[in-house]
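Undergrad: Numbering (our numbering), first residue to last: 49 to 453.
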Amino acid sequence: MSAPDGRRPAHDTSDAPPAGSGPGGGASAPDAIGVAVLGSTGSIGRSALKVLARQRERFRVVALTAFDQRERLEAQVAAFHPAFVGMVRGDAPHGWSGGAQCLVEAVTRPDVRIVVNGIVGAAGLEATLAALQAGKRVALANKETLVMAGELVTRTARECGGEIVPVDSEHSAVLQCVTGRAATAVERLILTASGGPFHAWDAERVRHATVAEALNHPTWRMGRKITVDSATLANKALELIEAHFLFGVPYERIEAVVHPQSIIHSFVEFVDGSVLAQLGFPNMELPILYALTHPERLADDGITRFDPLAAGPLTFEPVRTEVFPALGLGMRAGRTGGSAPAVFNAANEVAVAAFLGGRAPFGRIAEVIEAVLEEQVVTDVASVEAVLAADTWARRRAGELLGCS
Ligand code: NAD
Ligand code: MG
């Protein structure tokens with residue numbers, strides 16, 4: 049796919065089999081690091097498999113899981129020969145694991161050292177916690193995990209020797225800028241936002257945007273839920289909360305700026321006023337590779353090399369919170385803390401599903417989030433049960449407001 053100006057490739061998540069991955073397409077080295085890819089049939093999962101197919105000297109795919117999409121999963125199994133395959137829903141072929149527990153089975157295997165969590169939504173939480181409890185590295189794309197249970201997830205990592213390494217491009221950028229520096233040297237994080245397909249639209253037009261318009265992201269090709277989140281800017285709220293928990297920076301020192309070209313993936317300002325940024329064409333393969341190798345870097349000839357002339361002018365705009373209320377609501381939920389981010393996330397997931405299913409107009413997404421946040425009684429979410437209770441309540445309430453239950 050091309051960006052609207054046709055200058056550069058957007059994130060390609062085509063179904064083309066990864067180079068060299070077919071039968072006989074190159075086995076992994078015997079001492080290669082075992083990787084589980086959760087959500088392997090999705091946008092992140094497929095990008096991860098492209099990276100892993102090129103890096104067989106260092107990594108080997110030992111587990112794959114998906115929700116359904118059996119045929120796509122079968123093609124991946126034929127290409128990578130993983131020891132474990134899990135499919136959450138549908139008839140799992142003989143030898144595959146079925147049901148939701150296959151996620152925990154996959155991540156706790158002794159031959160898995162790194163878990164790429166490419167699951168969308170709250171469904172990724174249990175597997176993230178189980179992987180961290182088992183002391184694994186989690187290359188985390190599933191930002192909803194950190195939003196709904198940031199304290200629990202980061203504490204589990206600290207206490208159990210697990211490690212969370214972000215895949216999200218903005219957080220990968222921040223990590224690349226801060227690695228090797230003292231946390232006290234960091235003054236401010238500035239996350240960039242493409243602004244989504246509606247970044248120049250007026251508020252009334254945005255409220256009535258169609259599903260096709262919302263799914264037409266200008267710079268990234270991603271799964272449907274995150275693409276809608278990018279159009280409402282709820283995605284940026286989720287990312288501000290994610291950044292807070294990943295890097296321990298207070299909310300008043302984390303900002304967002306619209307950068308329509310998606311070339312600069314984020315900025316870090318240090319206490320002396322110096323600012324570092326990480327740049328590249330928008331493609332998730334690079335942050336996925338970095339999450340696998342951090343803090344090392346590995347040569348990879350499949351990554352599109354940067355060209356400043358092809359990138360063209362880089363521009364910045366303020367975020368229009370009055371047109372994109374979901375952003376302000378999410379930021380407020382982050383600052384409120386406790387169960388509020390989990391409630392924000394759950395209400396958003398339900399409202400986005402209703403929008404994608406044609407049961408709610410675009411503008412209703414933020415309205416439902418706001419109504420559910422207003423009604424909530426904020427609680428502590430120190431345990432997984434408390435997180436899930438807040439999540440369940442918010443889902444039910446959002447469903448009621450949308451007339452789905
Ligand atoms: P996607 O919809 O393309 O893929 C989701 C994957 O999760 C699929 O493989 C699906 O089978 C699996 N899945 C869905 N529901 C599940 C369930 N209940 N149990 C188990 N597996 C389930 O989504 P995506 O765009 O790849 O996004 C995945 C995550 O990565 C999201 O949290 C998103 O915010 C984040 N992310 C994505 C991108 C991107 O470029 N796509 C960039 C940054 C962050
Ligand atoms: Mg992002």
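Even glycine gets a Cβ: it sits at the ideal position worked out from N, Cα and C.
How about R23: is its Cβ closer than 8 Å to a heavy atom in the ligand NAD?
TA: With the chain represented from 49 up to 453, any question about residue 23 goes unanswered, as that position is not in the structure.
Undergrad: Would you mind listing the alpha helix (DSSP H) stretches within the stretch 149-232 that are 4+ residues and don't spill past its ends, in chain order?
TA: Complete alpha helix (DSSP H) runs here, min 4: 150-155, 173-181, 191-208, 217-226.
Undergrad: S278: buried (16+ other C-beta within 10 angstroms of its C-beta) or exposed?
TA: S278 comes out buried.
Undergrad: Let me check understanding here. Comparing Cα to Cα, which of A233, R253, K284 lies closest to G321?
TA: When each option's Cα is compared against that of G321, the closest is A233.
Undergrad: Between the stretch 195-211 and the stretch 343-363, do three or more beta carbon pairs fall short of 8 Å?
TA: Contact fails: fewer than three Cβ-Cβ distances are below 8 Å.
Undergrad: Of the residues V323, A438, L375, which one's Cα is nearest the Cα of R236?
TA: Residue V323 is the option with its Cα nearest to R236.
Undergrad: At a cut-off of 8 Å, is E192 close to the ligand MG when judged by its beta-carbon and the heavy atoms of the ligand?
TA: Checking the Cβ of E192 against the ligand MG gives no.
Undergrad: Which same chain residues, not among the five before or five after L85, have their C-beta less than 6 Å away from its C-beta?
TA: The question names Leu, but residue 85 is Val in the sequence shown. Excluding residues within five positions, the ones whose Cβ falls inside 6 Å are G93, A96, L112, V164.
Undergrad: For T227, is the classification buried or exposed, using 16 other Cβ atoms within 10 angstroms of its Cβ as the cut-off for buried?
TA: When all chains shown are included, T227 counts as exposed.
Undergrad: Can at least three beta-carbon pairs, one atom from the stretch 180-187 and one from the stretch 157-172, be found at a separation below 8 Å?
TA: Result yes; three or more Cβ-Cβ pairs closer than 8 Å.
Undergrad: Do you know whose CA, among K191, G169, V201, A205, lies nearest G183's CA?
TA: Taking only the C-alpha atoms, the option nearest G183 is A205.
Undergrad: I think L281 touches L375, with their Cβ atoms under 8 Å apart; what is that distance to the nearest whole Å?
TA: Sure, about 4 Å apart at Cβ, within 8 Å.
Undergrad: Return the CA-CA distance between L377 and L151, expressed in angstroms with no decimal places.
TA: Distance between the alpha carbons of L377 and L151: 31 Å.
Undergrad: Determine the closest residue to V9 out of V429, P335, A401, with distance taken between C-alpha atoms.
TA: Within the shown structure, residues of the chain are numbered from 49 to 453, placing residue 9 beyond reach of any answer.
Undergrad: Name the DSSP bridge partner or partners of Q326?
TA: According to DSSP, which records beta bridges pairwise, Q326 is partnered with S314.
Undergrad: So within the stretch 321-397, which uninterrupted beta strand (DSSP E) runs reach at least 3 residues, ignoring any that extend past its ends?
TA: Segments of the beta strand (DSSP E) lying fully in the stretch 321-397: 323-327.
Undergrad: Return the chain-ordered list of same chain residues with a C-beta closer than 7 Å to the C-beta of T369, the five sequence neighbours on each side being excluded.
TA: L375, G376, listed in sequence order.
Undergrad: Just the C-alpha distance for H313 and D349, rounded to the nearest angstrom, thanks.
TA: So the alpha carbons of these two residues sit roughly 21 Å apart.
Undergrad: Can you tell me whether L256 is buried or exposed? The criterion is at least 16 other CB atoms within 10 Å of its CB, across all chains shown.
TA: Note on identity: in this sequence residue 256 is His, with Leu being the wrong assignment. Label assigned to H256: exposed.
Undergrad: Is it buried or exposed for E365, if we count other Cβ within 10 angstroms and need 16 for buried?
TA: With fewer than 16 Cβ atoms within 10 Å of its Cβ, E365 is classed as exposed.
Undergrad: Give me the Cβ distance between S76 and R104, rounded to the nearest whole Å; I'm assuming they're in contact under 8 Å.
TA: Correct: roughly 4 Å between the Cβ atoms.
Undergrad: Nearest-angstrom Cα distance between A251 and V371?
TA: Answer to the nearest angstrom: the Cα atoms are 5 Å apart.
Undergrad: Determine the DSSP secondary structure at G146, reduced to helix, strand or coil.
TA: Note: G146 maps to strand in three-state DSSP.
Undergrad: So the alpha helix (DSSP H) F293 belongs to, where does it begin and stop?
TA: Per DSSP, F293 belongs to the alpha helix (DSSP H) from 282-295.
Undergrad: When you compare each of R353, L340, L121 to A80 by their alpha carbons, which one comes out closest?
TA: Closest by alpha carbon: L340.
Undergrad: Could you pull out every residue in the same chain whose Cβ sits closer than 7 Å to the Cβ of R106, ignoring the five residues on either side in sequence?
TA: Once the five neighbours on either side are set aside, the close Cβ partners of R106 are A80, I81, L346.
Undergrad: Using 8 Å as the cut-off, can you tell me whether the stretch 215-226 makes contact with the stretch 322-337, which would need three or more C-beta pairs spanning the two stretches below that distance?
TA: Yes, they touch.
Undergrad: Touch check for the stretch 190-197 and the stretch 170-178: three-plus C-beta pairs under 8 Å?
TA: Verdict: yes, contact present.
Undergrad: Identify whether S69 lies in helix, strand or coil by the three-state DSSP scheme.
TA: Because S69 carries a pLDDT of 41, less than 50, the predicted location of this residue cannot be relied on, and no value is offered for it.
Undergrad: For W441, does the count of other Cβ atoms within 10 angstroms reach 16, so buried, or fall short, so exposed?
TA: Buried, since its Cβ has 16 or more Cβ neighbours within 10 Å.
Undergrad: Let me make sure I understand the geometry here. Which of C452, M270, P343, V195 has the alpha-carbon closest to that of S91?
TA: When each option's Cα is compared against that of S91, the closest is M270.
Undergrad: Output yes or no for whether 9 Å exceeds the beta carbon distance between V367 and V276.
TA: The answer is no: Cβ separation not under 9 Å.
Undergrad: Near G72, what residues of its chain come up, given a Cβ to Cβ distance below 8 Å and the 5 sequence neighbours on each side ignored?
TA: At G72, the pLDDT of 35 sits below 50, so the modelled position is not reliable; the number obtained from the coordinates is stated separately. Excluding residues within five positions, none has a Cβ falling inside 8 Å.
Undergrad: Report yes if the C-beta of S95 is less than 8 Å from at least one heavy atom of the ligand MG; otherwise report no.
TA: Flag unset: Cβ of S95 not near the ligand MG.
Undergrad: Let's test the definition: count the other Cβ atoms within 10 Å of the Cβ of G169 and tell me whether it reaches 16, buried, or not, exposed.
TA: Buried, by the Cβ-count rule.
Undergrad: Hey, is E303 close to the ligand MG, as in C-beta under 8 Å from one of its heavy atoms?
TA: Not under cutoff, so the answer is no.
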